[in-house]
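As they're listed, the protein sequences go chains A and B.
With the first letter of the first sequence counted as 1, position 132 gets the number 132 in our numbering; the numbers rise by one all the way through.
With the first letter of the second sequence counted as 1, position 82 gets the number 318 in our numbering; the numbers rise by one all the way through.
Yeah, the Cβ is synthetic: ideal placement off N, Cα and C, and Gly gets one too.
None of these values were measured; they are calculated from a predicted model.
Structure record follows, encoded as structure tokens.
There are 2 protein chains.
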Amino acid sequence: MDGILFYCPNILESPVLPEEESYHCVKVLRTQEGEMVTVTDGKGSFYYCELVQAHPKQCIVAIRHQAEAATHRSFSLQIAFAPTKQMDRNEWFLEKGTEIGIDRFTPLLCRYSERKEIKVERLRKIVISAMKQSIQAYLPEVEAMVPFKEFVKRPFQGRKFIAHCHDLPKEELVQTYRKGENALILIGPEGDFSEEEVEQAVEQGFEPVNIGETRLRSETAALVSMHTLHVINNIQ
Amino acid sequence: MDGILFYCPNILESPVLPEEESYHCVKVLRTQEGEMVTVTDGKGSFYYCELVQAHPKQCIVAIRHQAEAATHRSFSLQIAFAPTKQMDRNEWFLEKGTEIGIDRFTPLLCRYSERKEIKVERLRKIVISAMKQSIQAYLPEVEAMVPFKEFVKRPFQGRKFIAHCHDLPKEELVQTYRKGENALILIGPEGDFSEEEVEQAVEQGFEPVNIGETRLRSETAALVSMHTLHVINNIQ
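Right, here's the structure in full:
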């Protein structure tokens, strides 16, 4: 499908576009009552709807046809990263990560974190916007910030990787990851994970990896590592 | 090597840091005479130098040791792209592209270009900065904007790809590109290349490719396509 996509998470229970979506529909795009609009619930479906009420705060739609999105990615991809001090860099990563395809972003609080808190709602808006812009039907989850020590203890079914720059044994991500595997990648702050954090992660089953040949900024490392997994999944 | 890197393109002829580099060295980093600084010429070498004159406009260095950078990439990678209207997106791409590794950026003027001119000096500063930040010794080239029709007629030794969204026969970039091949990739504006532009490119030996499964913004497409080639080159 092509064109503009709206987001309405609970369209089946309440076919009313959220306020921002309604404003955009009526005031920016000037959609008329009776015209068709395409909406996603962010949970895998596209809904082809008629706009029945063109209200700038409360557009009401009537679903004419529902379609499941093309088959979702078979592997789960999650990134936990220490946000950088400059918010635009974090926003850039969430936008591009969503465009390329990801299931969950978790901001981490690490020993050498530049940024010790982050406005999750702002990140969620970026992600919704990127999902719509890239015409996808699955909304990546954005969690609140989690302390590193707590995060590494969470269970995860799949490969768990920690990218770091210390002179310790590491595999190349591109060599070790196999097509189809679920993956969780940890990306540290500009000052890297501490050696203690790397040990804690290794104790919890994380595999230290190298993700590229050049020295990358945090947000670049995050995008490069997840895109590497996409490429491996697309090679036949 | 680690730490701060300075850029001085003609250090062998003239071991004087450019004005911006000098300012940064003296006023920001407060480097003292007698201290060592590392400098690249952007042509493949690192120079370990002593700062002999700490002048905020004209630092003079004395080369104590010269080292070639680690072996340069064996394949040439060039991207010609239609810059987006918002300059920060173009700047993001040049920064991240330089971090990951690229030889040449060429801004293109296309039928549906949003941006019909671009300040090349500004882009060159971004690229110098990203080269230094990622501790690399090869400076990517940034050309002035070239009209599409003229660009596709230029000779190039290697694979030539054009990424577009039309419903025409295309290969998957990740399937068709082979490790070690030189590559030149064309990325169109948000409104895509025109069908006529695609035909012109195909006549000149460009291969139409698909670069991903999701709909990507121009600058994301540019980064994803070049990173795909890096991943293929790093798989054993």
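Measuring CA to CA, which of the options is closest to residue i?
{"i": "A/E196", "options": "A/E171, A/F148 and A/P140", "result": "A/F148"}
{"i": "B/Q369", "options": "A/R217, A/E20 and A/A183", "result": "A/R217"}
{"i": "B/V410", "options": "B/I471, B/Q268, B/V388 and B/Y259", "result": "B/I471"}
{"i": "A/E172", "options": "A/L229, A/Q200, A/W92 and A/R104", "result": "A/L229"}
{"i": "A/E219", "options": "A/Q204, A/L186 and A/F206", "result": "A/L186"}
{"i": "B/L265", "options": "B/P292, B/E249, B/P251 and B/D277", "result": "B/P292"}
{"i": "A/I11", "options": "A/H24, A/A163 and A/R64", "result": "A/R64"}
{"i": "A/E20", "options": "A/F206, A/K125, A/Y112 and A/D192", "result": "A/K125"}
{"i": "B/L359", "options": "B/I336, B/E331 and B/I371", "result": "B/E331"}
{"i": "B/E417", "options": "B/V467, B/A303 and B/D428", "result": "B/V467"}
{"i": "B/Q372", "options": "B/P319, B/I447 and B/A305", "result": "B/A305"}
{"i": "A/D167", "options": "A/Y177, A/M145, A/A144 and A/D192", "result": "A/D192"}
{"i": "B/T276", "options": "B/D324, B/M367, B/S310 and B/E443", "result": "B/M367"}
{"i": "A/S22", "options": "A/F105, A/Q53 and A/P83", "result": "A/Q53"}
{"i": "A/I79", "options": "A/T98, A/D88 and A/Q86", "result": "A/T98"}
{"i": "A/Q58", "options": "A/F75, A/T71, A/S76 and A/C25", "result": "A/C25"}
{"i": "A/R223", "options": "A/F93, A/C49 and A/V127", "result": "Checking the sequence shown, residue 223 of chain A turns out to be Leu, not Arg. Of the listed residues, the one whose Cα sits closest to A/L223 is A/F93."}
{"i": "A/Q86", "options": "A/S45, A/Y48, A/K27 and A/P189", "result": "A/P189"}
{"i": "B/M381", "options": "B/L345, B/F392 and B/M462", "result": "B/L345"}
Find the residues of chain B that neighbour residue i, judging by a C-beta separation of less than 9 Å, and give them in chain order.
{"i": "A/G101", "result": "G448, E449 and T450"}
{"i": "A/P178", "result": "Note on identity: in this sequence residue 178 of chain A is Arg, with Pro being the wrong assignment. Result: empty, since nearest Cβ-Cβ is about 12 Å, beyond 9 Å."}
Please state whether DSSP places residue i in a helix, a strand or coil.
{"i": "B/C261", "result": "helix"}
{"i": "A/T214", "result": "coil"}
{"i": "B/S365", "result": "helix"}
{"i": "B/M323", "result": "helix"}
{"i": "A/K149", "result": "helix"}
{"i": "B/L404", "result": "coil"}
{"i": "A/L12", "result": "coil"}
{"i": "B/I336", "result": "helix"}
{"i": "A/E68", "result": "strand"}
{"i": "B/Q314", "result": "strand"}
{"i": "A/F156", "result": "coil"}
{"i": "B/F397", "result": "strand"}
{"i": "B/A419", "result": "strand"}
{"i": "B/E271", "result": "coil"}
{"i": "A/E195", "result": "helix"}
{"i": "A/E207", "result": "strand"}
{"i": "B/S461", "result": "helix"}
{"i": "A/D219", "result": "The amino acid occupying residue 219 of chain A in the given sequence is Glu; Asp does not appear at that position. In the structure shown, A/E219 sits in a helix (DSSP, three-state: H, G or I)."}
{"i": "B/A437", "result": "helix"}
{"i": "A/L173", "result": "helix"}
Residue i to residue j, Cα distance in whole Å?
{"i": "A/K165", "j": "A/T38", "result": "The displayed chain sequence assigns Cys, not Lys, to residue 165 of chain A. Each residue's Cα considered, the two are about 45 Å apart."}
{"i": "B/P245", "j": "B/K279", "result": "8 Å"}
{"i": "A/K116", "j": "A/P169", "result": "29 Å"}
{"i": "A/L51", "j": "A/L5", "result": "13 Å"}
{"i": "A/Y7", "j": "A/P18", "result": "8 Å"}
{"i": "A/E203", "j": "A/K153", "result": "9 Å"}
{"i": "B/T267", "j": "B/V252", "result": "15 Å"}
{"i": "A/I118", "j": "B/T450", "result": "28 Å"}
{"i": "A/F151", "j": "A/E35", "result": "47 Å"}
{"i": "A/Q14", "j": "A/D103", "result": "Inspection of the sequence shows that residue 14 of chain A is occupied by Ser rather than by Gln. Between A/S14 and A/D103, the C-alpha separation is close to 25 Å."}
{"i": "B/A303", "j": "A/R73", "result": "46 Å"}
{"i": "B/K396", "j": "B/G337", "result": "18 Å"}
{"i": "A/K179", "j": "A/H227", "result": "13 Å"}
{"i": "B/E350", "j": "B/P319", "result": "7 Å"}
{"i": "B/E377", "j": "A/C49", "result": "49 Å"}
{"i": "B/G448", "j": "B/V297", "result": "47 Å"}
{"i": "B/E379", "j": "B/V363", "result": "12 Å"}
{"i": "A/F81", "j": "A/E33", "result": "44 Å"}
Could you tell me which chain B residues have their CB closer than 7 Å to the CB of residue i, listed as they occur along the chain?
{"i": "A/T228", "result": "V467"}
{"i": "A/E20", "result": "In chain order: nothing, as chain B lies at least about 20 Å away."}
{"i": "A/A96", "result": "It should be noted that the sequence gives Lys, not Ala, for residue 96 of chain A. Within chain B, the residues near A/K96 are T456."}
{"i": "A/V224", "result": "I336 and H463"}
Which residues in chain B have a C-beta closer than 8 Å to the C-beta of residue i? List them in chain order.
{"i": "A/R159", "result": "Neighbours of A/R159 on chain B: none; closest Cβ ~17 Å, over 8 Å."}
{"i": "A/R115", "result": "Under the 8 Å cutoff, chain B gives no residues; its nearest Cβ is about 19 Å from A/R115."}
{"i": "A/R154", "result": "Residues of chain B passing the Cβ test: none, with the nearest at roughly 27 Å."}
{"i": "A/R104", "result": "None at all; the shortest Cβ gap to chain B is about 17 Å."}
Residues of chain A with CB under 9 Å from residue i, in chain order?
{"i": "B/Q411", "result": "N234, I235 and Q236"}
{"i": "B/R300", "result": "Those within 9 Å of B/R300 in chain A number zero; the least Cβ separation is about 23 Å."}
Under the DSSP definition of a beta bridge, which residues are partnered with residue i?
{"i": "A/K43", "result": "A/Y138"}
{"i": "A/Y7", "result": "A/T40"}
{"i": "A/R124", "result": "Bridge partners of A/R124: none, in fact."}
{"i": "A/R30", "result": "Answer is none; A/R30 lacks a bridge partner."}
{"i": "B/I468", "result": "Answer by DSSP bridge pairing: none, since B/I468 is not bridged."}
{"i": "A/Q53", "result": "A/I60"}
{"i": "A/T106", "result": "A/A80"}
{"i": "A/Y48", "result": "A/T38 and A/H65"}
Residue i touches chain A at which residues, Cβ-Cβ below 7 Å?
{"i": "B/Q372", "result": "T214"}
List the residues of chain A that residue i touches, going by C-beta distances under 8 Å, in chain order.
{"i": "B/E408", "result": "N234"}
{"i": "B/R358", "result": "Going along chain A, no residue has its Cβ under 8 Å from B/R358, so there is no contact; the nearest lies around 17 Å."}
Tell me, please, whether the CB atom of residue i is closer than 8 Å to any CB atom in chain C?
{"i": "B/R266", "result": "The structure shown contains no chain C; its protein chains are A and B."}
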